[in-house]
Every structure is written in C-alpha cells, then in structure tokens.
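Numbering (this note's numbering), first residue to last: 9 to 160.
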C-alpha cells in the first residue's frame with residue numbers, strides 16, 4: 009500500500025499556525041480513513057512536548073506525527089502553506105522555525121516510522137528537492153519529488 013496519496017496534499021493552504029496545519033492534515037487523514045477520531049488532538053498535544061520543526065537545507069520543514077494508537081493505515085500528507093508557519097524546532101523548547109513545507113506522517117509500526125524518517129532526512133538535506141516541493145504547482149509534482157519515500 010502506498011504511503012503517498014494526492015488526496016493528502018494541499019497546495020496554497022490557508023493556515024497561519026502549527027496547530028492549523030496539524031488539524032488540516034488530521035481532517036484529511038480522518039476523511040480518507042487513515043486515522044481514528046481524536047488523532048488531531050493527539051498530534052497537537054504531542055507537538056507541544058516533542059516539537060517537529062526541522063531546519064532543512066535552505067527551507068525549513070515540519071513533520072508532525074504521534075503514536076500509532078489512533079492510526080488505521082499508514083500515510084504521508086504534504087501541506088504547502090501560502091505563508092510560512094512557525095513550528096518549534098525539534099529538540100528545543102523555544103526556537104521557532106518558519107516552515108514552508110509540512111509533511112505530517114501517519115505510521116502504524118515503529119520499524120516503518122524509523123525507515124520513513126531516515127528517508128525524510130535525505131530529502132531534508134537535499135535543498136534542490138525541498139525547493140522543488142515548495143515551488144510545486146501540482147500534486148503530481150510533489151508526488152514525484154517524494155517517490156523515494158515509497159521505495160523499499
């Protein structure tokens with residue numbers, strides 16, 4: 009089963025906070041059967057304790073996620089906000105990054121989560137791919153940029 013789904017991609021998202029991004033993704037995940045009710049609240053709460061903002065190469069990204077108790081099936085969303093959104097940097101309490109790409113993850117098992125996060129790290133370090141994602145004008149372009157996340 010593919011992790012990527014065009015229905016989970018939002019271009020020009022009208023969001024202005026980390027919580028709005030998380031709730032937008034959670035609504036999509038719930039609508040398409042990826043998660044159970046309450047998932048959005050769980051991610052919002054986790055983000056306060058374990059922030060997920062990451063300094064990418066030239067473009068900051070955030071990877072909000074939570075434990076798998078509310079997950080039905082794995083998936084990856086992509087939200088490109090109209091304007092960058094502040095996410096607290098992973099491993100800090102107070103350093104806020106202006107994130108231009110938000111990639112919420114819904115992963116069922118921890119082994120898979122580790123594998124996906126390893127692949128995400130490669131994307132984060134690749135400034136060209138990040139720029140391509142940020143500047144994408146179609147969902148298909150974004151799917152093409154992220155196809156490495158689906159490879160075994």
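Note that beta-carbon positions come from the ideal geometry of N, C-alpha and C, so glycine has one too.
Distance check for residue j and residue i, CA to CA, integer angstroms please.
i           : j           : result
residue 9   : residue 84  : Note that residue 9 scores a pLDDT of 46, beneath 50, so its modelled location is shaky and nothing firm can be said.
residue 115 : residue 136 : 26 Å
residue 150 : residue 141 : 5 Å
residue 30  : residue 18  : 12 Å
residue 21  : residue 88  : 6 Å
residue 4   : residue 98  : Nothing in the structure corresponds to residue 4, since the chain is present only between 9 and 160.
residue 148 : residue 32  : 20 Å
residue 49  : residue 139 : 30 Å
residue 61  : residue 27  : 13 Å
With a Cβ-Cβ cutoff of 8 Å, do residue i and residue j count as a contact?
i           : j          : result
residue 112 : residue 72 : yes
residue 93  : residue 25 : yes
residue 157 : residue 36 : no
Please classify residue i as buried or exposed, where buried requires at least 16 other C-beta atoms within 10 Å of its C-beta.
i           : result
residue 57  : exposed
residue 144 : buried
residue 74  : buried
residue 153 : buried
Can you list, in chain order, the residues of its chain with a C-beta nearer than 8 Å to that of residue i? Leave out the 5 residues immediately preceding and following it.
i           : result
residue 118 : 76
residue 100 : 59
residue 91  : 24
residue 47  : 34, 37, 38, 74, 78, 79, 114
Under 6 Å Cβ to Cβ from residue i, same chain only, skipping five residues before and after it: list those, please.
i           : result
residue 15  : 40
residue 131 : 137
residue 121 : 115
residue 104 : 94, 96
residue 146 : none
Taking only beta-carbon atoms, is residue i less than 8 Å away from chain B?
i           : result
residue 115 : In the structure shown, chain B does not exist; there is a single protein chain.
Identify, in the order they occur along the chain, each residue of the same chain with its Cβ nearer than 7 Å to the Cβ of residue i, setting aside the five sequence neighbours on each side.
i           : result
residue 133 : 65
Q. Three or more beta-carbon pairs under 8 Å between the region 55-68 and the region 106-117, yes or no?
A. yes
Q) Okay, do the region 42-49 and the region 78-95 touch, 3+ Cβ pairs below 8 Å being the bar? A) yes
Q) Hey, is the region 49-61 in contact with the region 127-135, meaning 3+ C-beta pairs nearer than 8 Å? A) no
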